[in-house]
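Residues in the sequence shown are numbered from 0 upward in steps of one, following numbering that gives the first Met the number 0.
No residue lacks a Cβ here, since even glycine has one placed at the ideal position from N, Cα and C.
These numbers were taken from a predicted model, which means no experiment stands behind them.
Remarks on the structure that follows.
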Amino acid sequence: MTAVAVLVVCAVVLAAGRGLAFGPDGEVMRLRFGGDAQRTRIVVDLGRSTRGQVIEDGSSGRVILALSGVQPGRGLDGSGSGLVRGYEVSASGSSSRVRLDLARGAEIERRFLLPPGDGVAHYRYVIDLKATGAAAAPVVAPRREQVRAEKPLIVIDAGHGGRDPGARGQHVQEKAVTLAAAQEL
């Protein structure tokens with residue numbers, strides 16, 4: 000086989016593998032979440048570049064974005080993380096709608112598109128949410144008073160147990176010293 004034929008075969012195999020791993024071009028592949036109850040980042044993995052348009056900004060308890068020119072993949076709904084209680088990606092004409100149901104009041108802080116790079120072979124649409132309103136006060140467990148026994152309890156562990164008598168000195172065994180110390184305390 001000539002070198003050109005080997006290169007062509009390799010190119011075809013790589014192109015086919017890329018299609019299987021990342022889905023067809025123009026597909027919303029998955030959503031990823033990071034952050035906490037104050038700030039949450041949502042990353043939408045895409046097969047191509049897109050423009051995002053905000054339809055609902057979070058004031059109604061949800062964020063809805065239209066991503067033009069991309070269609071949703073399969074199984075793109077579920078529970079979120081941080082400020083996002085749940086999500087769903089659905090088709091809307093030639094675009095996809097990303098609906099984020101919020102766990103509490105939040106607004107879009109910023110959103111942007113990242114092209115392939117830094118070891119990632121696909122586009123990423125990033126949405127940063129930040130909580131609105133006063134933060135909920137952290138729940139603090141009530142302190143329990145420590146109850147003191149009349150006499151302190153002292154526990155001495157003389158070793159691992161069994162038939163081992165312990166260390167031996169001149170006319171003294173470890174087990175005898177440990178027993179005497181325990182009885183004295």
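Asked	Found
Helix, strand or coil at V27 [DSSP, three-state]	strand
Among K174, V53 and A181, the one whose alpha carbon lies nearest that of P151	A181
Sequence-distant residues of its chain with Cβ nearer than 6 Å to R38 (five each side left out)	K129
Beta-bridge pairing of A181 - partner residues as DSSP gives them	For A181, which the question treats as bridged, DSSP gives no partner whatsoever.
Coarse secondary structure for V176, derived from DSSP in three states	helix
G81 vs A102 beta-carbon contact at 9 Å	yes
Whole-angstrom distance between V119 and V42, CA atom to CA atom	13 Å
Three-state secondary structure (DSSP) of P71	strand
Pairwise C-alpha distance: E149 and A175	28 Å
Helix, strand or coil at L112 [DSSP, three-state]	strand
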